[in-house]
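*Asks:* My questions all concern the structure below.
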Amino acid sequence: MKDGDPLKNNEFKHALIDFIFKNQNRIGVDICANSSYKIIRRYKPLSYEDDYNNFKKKEKKAFEENRKKFEEKIKVNMTYKDVS
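Per our numbering, the very first residue in the sequence shown carries number -9; after that it's consecutive.
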């Protein structure tokens, strides 16, 4: 097989798997990622408590929006339970 020749079905996949297993001690060693980003000013990462409080606010808002539908379902279920 020469460079540029078409590959048979799954030939590349099998060659890649063989390469990974034969070279697994070298893969991922001495990887140096060049990160050229700057620190974002005025960015404050949320603490766990802040993140949890935001989650609770969203859930409470969704509950309040659906409260009427929920109460109507409960009334229907209670009425159906009393009738049967």
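Note that beta-carbon positions come from the ideal geometry of N, C-alpha and C, so glycine has one too.
(1) Cutting at 6 Å between CB atoms, please list the residues of its own chain near Phe45, excluding the five before and the five after it.
(2) Given a cut-off of 8 Å on the beta-carbon distance, is the pair Ile7 and Ile17 in contact?
(3) Using only the alpha-carbon positions, how far apart do Glu61 and Phe53 sit?
*Replies:* In brief:
(1) Excluding residues up to 5 positions away in sequence, nothing lies with its Cβ nearer than 6 Å to the Cβ of Phe45 in the same chain.
(2) no
(3) 11 Å
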